[in-house]
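Encoded as structure tokens, the structure appears first; notes follow it.
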Amino acid sequence: MKLPILSVAGEALNFGARRMETIMRVAWLPIVLLLIVNMVKVYAFLTVIAGEVITFEQVPNFAQAEALFEFYKDQGWANNPQAMWTVTISFWVAQIILLSSFMAPLIRYSGLGERPSRGVVHLPFGVDQIRLIIAGFFSSLTTGVLAYGPLWAASKFVGQYIDEALSRTLAYFPNPDSLHQLEIVTERDALTASGDIWIFDVGIPWVATIPFAIVLWVILTMHFHPRNRLNGGPPNLLARAFGSGLAVAAMILVSFGSLKMLGEADTKLFAPAAAVLLLLSYLALRLFAYPGVAVARKSLAPGPVWRVTRGWNLLRLLAVGLIVSSLLLAAVWVVNNFVLQGVILSTILSLLQVVASSMTLISSGELPGWVLPAFILIWDGVKILINVFLMFFSYGVLA
0 MKLPILSVAG EALNFGARRM ETIMRVAWLP IVLLLIVNMV KVYAFLTVIA GEVITFEQVP
60 NFAQAEALFE FYKDQGWANN PQAMWTVTIS FWVAQIILLS SFMAPLIRYS GLGERPSRGV
120 VHLPFGVDQI RLIIAGFFSS LTTGVLAYGP LWAASKFVGQ YIDEALSRTL AYFPNPDSLH
180 QLEIVTERDA LTASGDIWIF DVGIPWVATI PFAIVLWVIL TMHFHPRNRL NGGPPNLLAR
240 AFGSGLAVAA MILVSFGSLK MLGEADTKLF APAAAVLLLL SYLALRLFAY PGVAVARKSL
300 APGPVWRVTR GWNLLRLLAV GLIVSSLLLA AVWVVNNFVL QGVILSTILS LLQVVASSMT
360 LISSGELPGW VLPAFILIWD GVKILINVFL MFFSYGVLA
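Residue numbers (numbering that gives the first Met the number 0): 0 to 398.
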């Protein structure tokens with residue numbers, strides 16, 4: 000099966016727009032509860048940090064509550080990590096349950112045409128939602144815990160050992176003919192002076208990259224076997240191995256450069272991190288459709304997921320994801336920066352001027368105090384409603 004890139008991306012966007020009424024009908028209650036849960040989470044964290052119950056009475060402004068949490072969260076994790084973990088895990092569970100409650104029926108609707116049940120109050124939780132959670136958890140576990148966990152631990156210790164080795168102090172004799180001139184320097188300073196520091200800063204990290212690069216090279220060589228491609232032709236091991244090797248080398252160099260540009264920390268481990276990042280990306284793409292397939296087929300069997308991403312479909316799926324995510328981000332940016340701040344804001348300001356002029360005439364030259372707060376409330380409500388509408392659209396596209 001060949002994934003048609005533009006058709007898949009177009010159908011996803013079309014479903015999000017064309018089925019908006021059903022999406023809103025199914026998802027409005029869970030999304031409202033999600034927003035409430037996120038607000039309650041911030042106040043729960045503040046309660047843990049302060050050691051007393053914090054409500055809207057103490058901090059009536061939610062933006063202020065978020066700012067306080069950002070300022071004091073390190074203190075909370077240092078003083079009471081158990082309670083902070085309890086709050087974090089509890090609200091993650093609540094969010095996952097709420098998301099699965101409407102994503103499962105939307106996936107079945109988009110994939111099978113199975114319309115959700117009638118009514119405007121929906122908060123289901125059953126076998127479909129459990130399958131969605133298990134498949135999503137397995138996907139996250141595979142790409143996150145099983146792959147990133149060992150990398151993080153190994154990188155942490157490798158970096159620690161390299162730093163320890165380079166921090167050891169040595170006796171250095173700047174003049175070989177005189178043993179009376181003695182300086183105490185670190186191993187790094189000595190290696191820098193001798194020109195051998197590249198072994199630790201460049202050589203060891205790139206040598207550590209080799210095993211990950213080989214694993215990725217073998218995976219890609221096997222992935223693009225003719226049996227995994229439509230009309231793949233005869234076996235071509237040497238060509239596949241050569242092409243995969245060039246692709247791996249190019250991707251590692253590009254990823255290494257990107258990580259180095261984004262990071263400000265020690266760059267010793269950027270090379271192996273780049274290789275493992277590519278391995279994680281491969282696994283994430285292979286398992287991306289797993290939650291949807293599990294819900295649509297009512298089965299957690301992974302076989303159909305592997306078939307969806309066989310051969311060149313892996314890159315086609317990546318292209319679909321890039322197209323859809325780029326369009327969604329562009330839509331959010333345009334709506335918030337041009338539509339809201341331009342057309343809608345101008346319309347509301349014009350209405351404000353008309354209402355203000357009318358009320359000033361009626362009230363003998365004085366503007367009633369309720370006019371400006373009312374229009375500020377309308378403006379805030381419009382911004383919230385339009386962004387919630389974008390949220391509905393995005394969830395529909397994801398389904």
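Every residue, glycine too, gets a C-beta built ideally from N, C-alpha and C. Remember, predicted model here, so these are calculated numbers, not experimental data.
- The alpha carbon of residue 52 has as its nearest neighbour, out of 61, 59, 42 and 60, the alpha carbon of 42.
- Sequence-distant partners of residue 322 (beyond 5 residues in either direction) whose C-beta falls short of 6 Å from its own C-beta, in its chain, are 8.
- Positions of the alpha helix (DSSP H) runs, each at least 4 residues long and wholly inside the stretch 19-58, are given as 19-49 in order along the chain.
- Contact between the stretch 10-25 and the stretch 68-87 is absent: fewer than three C-beta pairs spanning the two stretches fall below 8 Å.
- Ranked by how close their Cα comes to the Cα of residue 122, the residues 374, 25 and 397 have 25 in first place.
- Under the three-state reduction of DSSP, residue 210 is assigned to helix.
- Rounded to the nearest angstrom, the Cβ distance from residue 131 to residue 29 is 13 Å, too far for a contact under 8 Å.
- Within a 10 Å sphere around the beta-carbon of residue 248 sit fewer than 16 other beta-carbons, which makes this residue exposed.
- Apart from sequence neighbours up to five positions away, the residues of its chain that approach residue 293 with a beta-carbon distance below 7 Å are 130, 131, 134 and 299, ordered along the chain.
- Take the alpha-carbon of residue 60 and the one of residue 79: they are about 25 Å apart.
- Within the same chain, Cβ atoms closer than 8 Å to the Cβ of residue 36 are found at 90, 93, 94 and 97, the five residues on either side in sequence being excluded.
- When secondary structure is reduced to three states using DSSP, residue 120 falls in the coil class, being assigned neither helix nor strand.
- At a Cβ-Cβ threshold of 9 Å, residue 286 and residue 273 do not count as neighbours.
- With contacts defined by Cβ atoms closer than 9 Å, residue 313 and residue 222 form a contacting pair.
- Look at residue 87 here: in three-state DSSP terms it is helix.
- For residue 323, the enclosing alpha helix (DSSP H) stretches over residues 312-333.
- Taken through DSSP and simplified to helix, strand or coil, residue 72 comes out as helix.
- A distance below 6 Å between beta-carbons, with the five flanking residues on each side excluded, links residue 393 to the following residues of its chain, in chain order: 327.
- In this structure, residue 2 keeps its C-beta atom at 9 Å or more from the C-beta atom of residue 397.
- Taking a C-beta distance under 9 Å as the contact criterion, residue 107 and residue 318 do not qualify as a contact pair.
- With a contact defined as Cβ atoms closer than 8 Å, residue 216 and residue 244 qualify at about 6 Å.
- About 6 Å separates the beta carbons of residue 374 and residue 347, which is inside the 8 Å limit, making them a contact pair.
- Cβ neighbours of residue 18 within its own chain (closer than 8 Å, five residues either side excluded): 108, 109 and 395.
- Nearest C-alpha to residue 369 among 383, 354 and 239: 354.
- Counting only the Cα atoms, residue 330 lies some 10 Å from residue 336.
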